[in-house]
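For the sequence shown, this note's numbering gives the first residue as 2, with consecutive numbering after it.
Where is the CB? At the ideal position from N, CA and C, for every residue including glycine.
Working notes, beginning with the structure itself.
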Amino acid sequence: MVKNLKSHYGKNGIKQKLSYNIFVIAAFLLPAFIVAVCFVINKVEPFGRNIVMVSDAWHQYYPFLRELQCMLKEGQLPLYSWNVGGGTNFLGVIANYLASPLNLLTVFLPEGHVWLESYLAFTIVIRIGCAGGFMAVFLRKAFRRNDFSLVYFSLMYALCGFIMGYYWNVMWLDSVALLPLVAAGVISVLKDGKYSLYIISLAFCIICNFYIGFVVCIFVLLFSICYTAVNFKGFCHSMKNAGKMAGFTLIAFMLTAFMTVPAYFALSKSDSMSDVSGFPLEYSITGAYGYTDASFGNTMLAIVRTVTNLLSYTRPISMDKGEPNIFCSTLAVVLCVFYFVSDKIKLKEKIVSLSFLVIFILSFVINQLSFIWHGFNDVAMVYYRFSFLFSFVLVAMAYRAFSFMDTFGKKAFLVSSVILSVYLVAAVFVQKTISVIITAAVIIIIMFLLFLYKKGKLKHRILSVSLCLLVICDMSVSALYSTRFVGYYTGEDYPNQVTSVNKLISIAENNSGESELYRTEFVRPYSYNDGALYSVFGISAFNSMCREDYADFLSEFGLEASKKNNMYLYVESTPVTNLFLNIKYLIARADGTVDPEDVPVHICEEVIDSRYMSLVSEKEGSKLYENKAFLPVGFMTKTSLLDYELYESSRLPQDTQNEFFSLATGIDKDVLVSVEASKISGADLSAMKHYESLGNYYTYQRTATEDEVLTVQYVAPEDGSYYGVFRNSSKEKFAINCGGRTVWDLDNDIHITALGTCRKGDTVSVNLPVIESNNGRLGYYLFYLDEEVFEEGLDKLSQSTLQLSDKTACGLKGTINAKEDGLFYTSVLYDEGWKAYVDGKETEIKSVAKTFCAFELSEGEHEIELRFTPVGVYSGFFVTIAGVILFALTGIISVLYRKKKR
């Protein structure tokens, strides 16, 4: 029935090793095959034109993977990327998103998005397969069995609710797959005194994704305590093992330092770290359950909802709210009940195991515990990011009970039947009826098979095959349902208009030559990382490693930005925006753009403000525009620009641009002139709270039964280019009528919207929805560009500009003839990793608005050089080298110790 592990020790031939690992191999192949079939059924590339890019995979994972592939193919050291977020520490991006070894293989793929999109789906299949294979290794190690049961119990983990709900979140999958190896390593240390598996697997787990690595480290601590408590052999022995675990964990941490140390410094500047000091002190229920009242009754109801979410055919959550993804087969639920009623399992072990499960359940429900598991941070969607741990423990407990299946008595069957019946009755009130029915049917079949086996009516092999088929059906249905529910998007035009855009980018490169560093942006974003997606130097970014100072300033400056969401997006703005952000070209893609949620953000892409934008070329309906008011990446400004400070509270972007322009040029006039509304009608503003410091900005609370509309009208006082900032709480796009044209806007955040040219006396009007039964916001501002002031400032700033001579992957060189002493301003985004050299000597870099690199420069000709090295990269590298040496020394000492004992 069970293959004896000892019979395989010492056999080193290939055939023997293959025979010994045959069930591990099968445990890898089975879940990989099931997921591959699901992808084939759903026509995922290369079996159709659907792609697995859901939400963040669309906006982040794939664009970043594309950028890494380009770097590898070009032979660049991936330390810095000009194309991600206006220039960023790419090592931090790799640490958070791309550290999987599988991503390195993209260098061998043929050029083309179809290949990379197909490869991404392929890696998901491989990663899920690895989760199964590694789970089999753990079960074999922990329970000393090597039989067919490893295959289907490993399938329970490989296709568990977490993995099938979040498989699109590819940056986590490697570390989730490695968890069983880490757990097997813990057992090796505590039981056998061996350390290699633990150190190597934990190091890889952290390297592949430090976020999930953090979660796994908490699990290792709890798992070690539980394992020690169950197998307690005295205080001294336990302290000795604790010392071993601490030492080996330290070595594992040291091995990861080349990645984690620079990642820490990068992450410390992002908003992702801001919640660490904001621990929630007041008791509350995790927001994903949807309860606003943290009463005892709601707490208990959340617990019931959590536990009953183990039913078959439960809908996984992907980005929305709901119960945690913890499903891992009905067999696991049944056997876990038998685990607690079995006479062969000691009471101490049951108490420890139950405590372990309770910790997880309470962590799902109680916000404070969830906060700790999530890296001392409040999560924004993608909830319960540690729920795979619960499934892992449940499967391990089920396998433990399976090992004692021969000892199940009448009492165990009776008590288990009662418990499972009560469980199903409770589920009726909180789960879908179809899930309860399916689960009940599967439970009856499992109980019947176990009963027949107990009575000797069913051989072990037939029972094992029957249970295997049940698990395969259970997990396959769940996998197909999950992949259908999570969804796909068509790859027919992903990236949008890539062929025509690439042609236009090539034209821009040929026109500008290699001696110029400039940014190219899009009229409206397609993904939130278009620069990486299209391999072009832009400014837009959506990146958890994004510095919060960037988002702060760029939000003030009029981009669509959110510090909380680690993003800033370029939407066609003013010439002032383009001037200081080094934007030379704008691309309008054909047919408009649609985001993954099918929300049109612009009906038809066209450059609206053509005053300083001239059409260069058109390819297949997409258009390339050149900015005639362009300045190079670096130019001289007044030193007073250093006086600009970020505002602690909200500020209107037109005020920011006026101040920034004035400080840089020394011109004490507004370059953007505000226009007062000529008529306001519709909703009652007097019933709203008015913020005088922000002008036309209101908040409101309503209990109305229908929407109202606030209509605001303006009369253009001068000929010129007009812009607006409009705010409302509606999620629907709204139209702005400007001089007879209609411009569509979707107001997610305050940003400047270009409205085009108006003649004096033209009417500008906008209808702002005031939504029913909700708390909302309203804001309306119109302004125009004073061309005389702008061109006067442009003339001043263009007197002394950087003539670029060389641009590298991590720096640039050039010369400048400064007409007078002043500040050398660059649109290079500030990072402590930048070093500046003037005439060969290092000079201190000062940040403008904590966002741009600048330094003071004296009159005359100078050679300028900027070099980038990620902060912490050298120290991290040396710590890793020290870890490797310490790991090797530990091995040598271990060998010598074993020889001495002989």
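Handout entry: Short Cβ contact (7 Å threshold) for methionine 398 with cysteine 337
Key = Locating residue 398 in the sequence shown gives position 397, where the first residue counts as 1. Locating residue 337 in the sequence shown gives position 336, where the first residue counts as 1. Taking 7 Å as the Cβ cut-off, methionine 398 and cysteine 337 qualify as a contacting pair.
Practice task
Would you check if the distance between the CB atom of tyrosine 314 and the CB atom of alanine 303 is smaller than 7 Å?
Solution key: Stepping through the sequence shown from its first residue, residue 314 is reached at position 313. Stepping through the sequence shown from its first residue, residue 303 is reached at position 302. The criterion of a C-beta distance shorter than 7 Å is not satisfied by tyrosine 314 and alanine 303.
Problem - Status (buried if at least 16 other CB within 10 Å, exposed otherwise) for threonine 870 - result: Within the sequence shown, the letter at position 869 stands for residue 870. By the 16-neighbour rule on beta-carbons within 10 angstroms, threonine 870 is buried.
Exercise for the section: Express the C-alpha separation of isoleucine 446 and leucine 268 in angstroms, rounding to a whole number. Expected result: Along the sequence shown, read from residue 1 onward, the residue named residue 268 stands at position 267. Along the sequence shown, read from residue 1 onward, the residue named residue 446 stands at position 445. About 51 Å.
Exercise for the section: Figure out for me which residue from Ser679, Ser694, Ala678, Tyr698 has the closest Cα to the Cα of serine 687. Expected result: Translated into the one-based positions of the sequence shown, residue 687 becomes position 686. Ranking Ser679, Ser694, Ala678, Tyr698 by Cα distance to serine 687 puts Tyr698 first.
Practice task
Let me know the alpha helix (DSSP H) ranges lying completely inside the stretch 303 to 391, each 4 residues or longer, listed in chain order.
Solution key: As summarised for the stretch 303 to 391, the continuous alpha helix (DSSP H) elements at least 4 residues long and confined to that stretch are 331 to 342, 348 to 366, 368 to 374, given in chain order.
Exercise for the section: Quickly, what does DSSP pair valine 767 with across the bridge? List them, please. Expected result: The residue you call residue 767 lines up with position 766 of the sequence shown. Residue pairing by DSSP puts valine 767 in a beta bridge opposite Val713, Ile737.
Handout entry: Residues near serine 859 by beta carbon distance below 8 Å, same chain, minus five either side
Key = For the purposes of this step, residue 859 is taken as residue 858 along the sequence shown, with counting starting at 1. In the same chain as serine 859, and ignoring 5 residues on each side of it, the C-beta atoms closer than 8 Å to its own belong to Ala819, Asp822, in chain order.
Handout entry: Pair within 7 Å by beta-carbon distance, glycine 130 and proline 47
Key = Position 129 of the sequence shown, counted from the start, is the residue given in the question as residue 130. Position 46 of the sequence shown, counted from the start, is the residue given in the question as residue 47. Inclusion of glycine 130 and proline 47 in the CB contact set at 7 Å is not warranted, their separation being larger than that value.
Exercise for the section: Could you check if aspartate 475 is buried or exposed, using at least 16 other CB atoms within 10 Å of its CB as the buried criterion? Expected result: Numbered from 1 along the sequence shown, position 474 holds the residue referred to as residue 475. Buried is the call here.
Handout entry: Burial state of aspartate 832, where buried means 16 or more other Cβ atoms lie within 10 Å
Key = Indexing the sequence shown from 1 puts residue 832 at position 831. It counts as buried.
Practice task
Tell me asparagine 51's beta-bridge partners as DSSP assigns them.
Solution key: In the sequence shown, the residue the question calls residue 51 occupies position 50. Residue pairing of asparagine 51 in beta bridges, as defined by DSSP: Val45, Thr491.
Practice task
On the DSSP bridge assignment, give the partners of glutamate 522 in chain order.
Solution key: Taking the first residue of the sequence shown as position 1, residue 522 is located at position 521. The partner list for glutamate 522 (beta bridge, DSSP) reads Leu587.
Problem - Element boundaries [alpha helix (DSSP H), containing glutamine 498] - result: By 1-based counting over the sequence shown, the position of residue 498 is 497. Taken as a continuous stretch (DSSP letters only), glutamine 498 belongs to no alpha helix (DSSP H), as it is neither H nor E.
Problem - Where lysine 512 sits in the DSSP three-state scheme - result: Residue 512 sits at position 511 when you count from the first residue of the sequence shown. The question names lysine, yet the displayed sequence has asparagine at residue 512. In the structure shown, asparagine 512 adopts helical secondary structure according to DSSP, grouped into three states.
Practice task
Count the other C-beta atoms from every protein chain shown that fall within 10 angstroms of the C-beta of glutamine 17, then say buried if there are 16 or more, exposed otherwise.
Solution key: Looking up residue 17 in the sequence shown gives position 16. Answer is exposed; the Cβ neighbour count stays below 16.
Practice task
Please confirm whether leucine 783 and valine 676 have their CB atoms less than 7 Å apart.
Solution key: Working through the sequence shown from its first residue, we reach residue 783 at position 782. Working through the sequence shown from its first residue, we reach residue 676 at position 675. In contact: leucine 783 and valine 676 (Cβ atoms closer than 7 Å).
Handout entry: Helix, strand or coil at serine 1 according to DSSP, with G and I counted as helix
Key = As displayed, the chain neither begins before 2 nor continues past 903, which places residue 1 out of reach and without an answer.
Handout entry: Closer than 6 Å: alanine 533 CB and nearest the ligand GTP heavy atom
Key = You won't find the ligand GTP in this model; it holds no ligand whatsoever.
Exercise for the section: Name the residue from Thr852, Leu580, Lys564, Lys192 whose alpha carbon lies nearest to the alpha carbon of asparagine 628. Expected result: Start at 1 with the first residue of the sequence shown, and residue 628 comes out as number 627. Checked all of Thr852, Leu580, Lys564, Lys192; the closest Cα to asparagine 628 is Leu580.
Handout entry: Closest by C-alpha distance to phenylalanine 403, when choosing among Phe357, Tyr454, Met568
Key = The residue labelled residue 403 in the question sits at position 402 within the sequence shown. Comparing Cα-Cα distances from phenylalanine 403 to each of Phe357, Tyr454, Met568, the minimum goes to Tyr454.
Exercise for the section: On a CA-only basis, which of Ala381, Gly812, Tyr98, Phe144 is nearest tyrosine 62? Give me that one, please. Expected result: As a first step, residue 62 must be located in the sequence shown, where it is residue number 61. Out of Ala381, Gly812, Tyr98, Phe144, Tyr98 has the C-alpha closest to the C-alpha of tyrosine 62.
Problem - CA nearest to the CA of valine 537, picked from Pro64, Val335, Ile23, Ala441 - result: Here residue 537 corresponds to residue number 536 of the sequence shown, with the count starting at 1. That would be Pro64, whose Cα lies nearest to the Cα of valine 537.
Exercise for the section: Name, in chain order, the residues that DSSP records as bridge partners for serine 907. Expected result: Residue 907 cannot be examined here, being either before or after the span of the chain that is shown, 2 to 903.
Exercise for the section: State the Cα-Cα distance for the pair asparagine 544 and threonine 408, rounded to the nearest angstrom. Expected result: On the sequence shown, residue 544 is found 543 positions in, with the first residue counted as 1. On the sequence shown, residue 408 is found 407 positions in, with the first residue counted as 1. Approximately 54 Å between the Cα atoms of the pair.
Handout entry: Meets three-Cβ-pair contact criterion under 8 Å: the stretch 105 to 115 and the stretch 171 to 178
Key = Using a Cβ-Cβ distance cut-off of 8 Å, the stretch 105 to 115 and the stretch 171 to 178 are not in contact, since fewer than three pairs of beta carbons, one from each stretch, lie closer than that value.
Practice task
Classify glutamate 1 as buried or exposed, calling it buried when 16 or more other Cβ atoms lie within 10 Å of its own Cβ.
Solution key: The structure shown does not extend to residue 1, since the chain is modelled only from 2 to 903, so the question has no answer here.
Problem - Cα-Cα separation between threonine 293 and glutamine 369, rounded to whole angstroms - result: To locate residue 293, count along the sequence shown from 1; it is residue 292. To locate residue 369, count along the sequence shown from 1; it is residue 368. Distance between the alpha carbons of threonine 293 and glutamine 369 is about 15 Å.
Handout entry: Three-state secondary structure (DSSP) of lysine 624
Key = Residue numbering aside, residue 624 sits at position 623 when the sequence shown is read from its first letter. DSSP places lysine 624 in strand when its eight states are reduced to three.
Practice task
Flag this pair as yes or no: are the beta carbons of valine 829 and phenylalanine 266 separated by less than 7 Å?
Solution key: Walking along the sequence shown from the start, residue 829 turns up at place 828. Walking along the sequence shown from the start, residue 266 turns up at place 265. Cβ distance not < 7 Å, so valine 829 and phenylalanine 266 don't count as in contact.
Handout entry: Sequence-distant residues of its chain with Cβ nearer than 6 Å to alanine 562 (five each side left out)
Key = Stepping through the sequence shown from its first residue, residue 562 is reached at position 561. The residues are Ala552, Leu555, Ser556, Tyr569.
Exercise for the section: Note down, in chain order, each residue of its chain lying with its Cβ closer than 8 Å to the Cβ of leucine 223, except the 5 sequence neighbours on either side. Expected result: For the purposes of this step, residue 223 is taken as residue 222 along the sequence shown, with counting starting at 1. Only Phe357, Ile360 meet the Cβ criterion.
Practice task
Tell whether a beta-carbon distance below 7 Å holds between threonine 484 and cysteine 39.
Solution key: Taking the first residue of the sequence shown as 1, we reach residue 484 at position 483. Taking the first residue of the sequence shown as 1, we reach residue 39 at position 38. In this structure, threonine 484 places its C-beta atom within 7 Å of the C-beta atom of cysteine 39.
Problem - Closest by C-alpha distance to glutamate 773, when choosing among Val710, Gln77, Ser197 - result: Taking the first residue of the sequence shown as position 1, residue 773 is located at position 772. Ranking the options by Cα distance to glutamate 773, first place goes to Val710.
Handout entry: Sufficient close CB pairs (3 or more, under 8 Å) joining the stretch 152 to 160 to the stretch 132 to 141
Key = Under the Cβ criterion (8 Å, minimum of three pairs), the stretch 152 to 160 counts as touching the stretch 132 to 141.
Problem - Same chain only: Cβ atoms within 7 Å of lysine 7, ignoring 5 sequence neighbours per side - result: Translated into positions along the sequence shown, residue 7 becomes position 6. Reliability fails at lysine 7, whose pLDDT of 48 lies under 50, so the model's placement of it is uncertain and no value is given.
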